[in-house]
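Below is one structure; the comments refer to it alone.
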Amino acid sequence: MLRHVIEHLTCPYGEPSLALDGASLRCPAGHRFDVARQGYVSLLRGRSPAAADTPAMVAARVEVVAGGHLEPLRAALIEAVEGTTDSAGCRRAAGADPGSGTGERPGLVVEVGAGPGHHLAAVLEATGAEAGLALDSSKAACRRAARAHPRLGAVLADAWQPLPIRDAAADLVMVVFAPRHLDEVLRILAPRARLVVAAPEPDHLGVLVERLGLLRVDAGKPDALDRVLAGRADPVARRVVRWTRHLNHAEVTTVVGMGPSAHHLDVGVVAERIAGLPEPVEVGFAVTVSTLRRR
Ligand SMILES: [Zn+2]
Numbered sequence: 120m121l122r123h124v125i126e127h128l129t130c131p132y133g134e135p136s137l138a139l140d141g142a143s144l145r146c147p148a149g150h151r152f153d154v155a156r157q158g159y160v161s162l163l164r165g166r167s168p169a170a171a172d173t174p175a176m177v178a179a180r181v182e183v184v185a186g187g188h189l190e191p192l193r194a195a196l197i198e199a200v201e202g203t204t205d206s207a208g209c210r211r212a213a214g215a216d217p218g219s220g221t222g223e224r225p226g227l228v229v230e231v232g233a234g235p236g237h238h239l240a241a242v243l244e245a246t247g248a249e250a251g252l253a254l255d256s257s258k259a260a261c262r263r264a265a266r267a268h269p270r271l272g273a274v275l276a277d278a279w280q281p282l283p284i285r286d287a288a289a290d291l292v293m294v295v296f297a298p299r300h301l302d303e304v305l306r307i308l309a310p311r312a313r314l315v316v317a318a319p320e321p322d323h324l325g326v327l328v329e330r331l332g333l334l335r336v337d338a339g340k341p342d343a344l345d346r347v348l349a350g351r352a353d354p355v356a357r358r359v360v361r362w363t364r365h366l367n368h369a370e371v372t373t374v375v376g377m378g379p380s381a382h383h384l385d386v387g388v389v390a391e392r393i394a395g396l397p398e399p400v401e402v403g404f405a406v407t408v409s410t411l412r413r414r
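Here it is, written out as structure tokens:
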């Protein structure tokens with residue numbers, strides 16, 4: 120629900136706060152942002168970026184998640200964030216659930232490029248965090264994310280622009296296979312709070328990249344992440360997660376359909392190449408999950 124995250128949002132035109140006013144959010148200077156029927160708010164300055172995920176890409180991602188194909192990634196993300204409740208960046212929750220142990224849990228968890236919100240929902244559930252904020256530049260993704268979890272609010276925003284979030288608001292930020300603006304990510308992180316970044320390894324979906332001519336996703340080397348953040352955030356943990364799935368051709372089609380290649384490849388050509396694959400085909404997934412702590 121949007122109301123869980125409003126206190127952390129800022130006006131994209133610069134004012135430091137937004138308040139709910141009827142069916143919209145309003146800043147002190149009078150800018151008004153309508154809350155969509157589906158429960159998300161657009162804080163874009165202008166139109167959605169051209170590279171935003173299409174409804175078909177988002178639907179494909181939902182299907183891939185439902186098929187359990189990303190389960191090891193989900194587990195690795197939860198493992199990476201579970202130490203979060205020990206970090207000094209966490210606030211003591213006012214009304215911690217009975218039986219939740221120490222009563223410490225993260226306040227706000229932000230996912231930049233959250234897609235339909237499934238990773239963020241899983242992390243909210245695992246950590247008991249007070250609220251989750253899903254940012255994505257795709258309307259289709261925000262519509263899904265807005266109902267992915269009861270404590271999750273979805274905001275349409277461009278991850279390459281200043282993020283419409285207050286300084287140091289987040290106890291945890293996640294970036295999973297999404298373009299990232301690291302200066303902005305650090306700005307919204309509380310001191311000592313964690314950043315979890317998942318990025319594909321060069322051999323991620325190797326057989327599909329080779330046989331179908333998919334784009335190789337260059338998410339940047341993990342060492343480069345450390346270098347860019349040197350002096351501002353310290354590496355805490357890094358793990359490469361590898362798993363394989365035996366996919367039939369329909370499943371291959373959805374895996375291809377959720378990725379960036381869906382923007383670039385001719386559907387007919389891809390279908391022809393998929394038909395030429397063995398069935399089932401063994402597909403290797405490979406993702407690095409890096410955890411860093413802001414200074
Ligand atoms: Zn404003």
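Following my numbering, the numbering of the sequence shown begins with 120 at its first residue and continues without gaps. Ideal Cβ placement from N, Cα and C applies to all residues, glycine included. All figures in this text were calculated on a predicted structure; none of them were measured in a lab.
Measuring alpha carbon to alpha carbon, tell me which residue in the options is nearest residue i.
i, options, result
"residue 143", "154, 137, 245", "154"
"residue 327", "141, 371, 125, 229", "371"
"residue 129", "287, 403, 348", "287"
"residue 411", "358, 160, 377, 262", "358"
"residue 256", "197, 165, 225", "165"
"residue 313", "226, 160, 395, 396", "226"
"residue 391", "167, 332, 409", "332"
"residue 315", "323, 170, 356, 158", "356"
"residue 350", "124, 248, 310, 121", "310"
"residue 363", "342, 409, 401", "401"
"residue 125", "394, 384, 251", "251"
"residue 193", "149, 384, 242, 158", "242"
"residue 171", "413, 393, 248, 377", "377"
"residue 369", "232, 186, 158, 244", "186"
"residue 324", "307, 188, 169, 382", "188"
"residue 379", "133, 132, 308, 179", "179"
"residue 395", "329, 158, 383, 343", "329"
"residue 383", "232, 173, 244, 354", "173"
My assumption, with CB atoms under 8 Å, is that residue i sits in contact with residue j. Please give the rounded CB distance.
i, j, result
"residue 417", "residue 237", "Examination of residue 417 is not possible in this model, given that the chain is present from 120 through 414 alone."
"residue 253", "residue 273", "5 Å"
"residue 190", "residue 246", "At roughly 18 Å, the Cβ-Cβ gap does not stay under 8 Å, so residue 190 and residue 246 are not in contact."
"residue 366", "residue 397", "The Cβ separation is near 10 Å, so there is no contact."
"residue 409", "residue 341", "5 Å"
"residue 285", "residue 147", "So it is not a contact: roughly 14 Å between Cβ atoms."
"residue 139", "residue 156", "Rounded, the Cβ-Cβ distance is 16 Å, inconsistent with contact."
"residue 248", "residue 224", "6 Å"
Consult DSSP for residue i and reduce its assignment to one of helix, strand or coil.
i, result
"residue 358", "strand"
"residue 124", "coil"
"residue 431", "No answer is possible for residue 431: it lies beyond the span of the chain, which begins at 120 and ends at 414."
"residue 372", "helix"
"residue 223", "strand"
"residue 239", "helix"
"residue 250", "strand"
"residue 262", "helix"
"residue 392", "helix"
"residue 411", "strand"
"residue 342", "helix"
"residue 303", "helix"
"residue 214", "A caution first: residue 214 carries a pLDDT of 39, below 50, which makes its placement in the model too unreliable to give a value."
"residue 398", "coil"
"residue 230", "strand"
"residue 138", "strand"
"residue 381", "helix"
"residue 190", "helix"
"residue 178", "helix"
What residues are listed by DSSP as bridge partners for residue i?
i, result
"residue 319", "406"
"residue 289", "308"
"residue 348", "DSSP lists no partner for residue 348."
"residue 363", "403"
"residue 273", "253"
"residue 161", "275"
"residue 284", "128"
"residue 151", "145"
"residue 313", "291, 412"
"residue 172", "DSSP output for residue 172 lists no bridge partner at all."
"residue 353", "412"
How about residue i and residue j: are their beta carbons less than 8 Å apart?
i, j, result
"residue 361", "residue 404", "yes"
"residue 352", "residue 305", "yes"
"residue 374", "residue 184", "no"
"residue 289", "residue 347", "no"
"residue 271", "residue 264", "yes"
"residue 234", "residue 160", "no"
"residue 267", "residue 296", "no"
"residue 162", "residue 301", "no"
"residue 406", "residue 320", "yes"
"residue 381", "residue 175", "yes"
"residue 291", "residue 413", "no"
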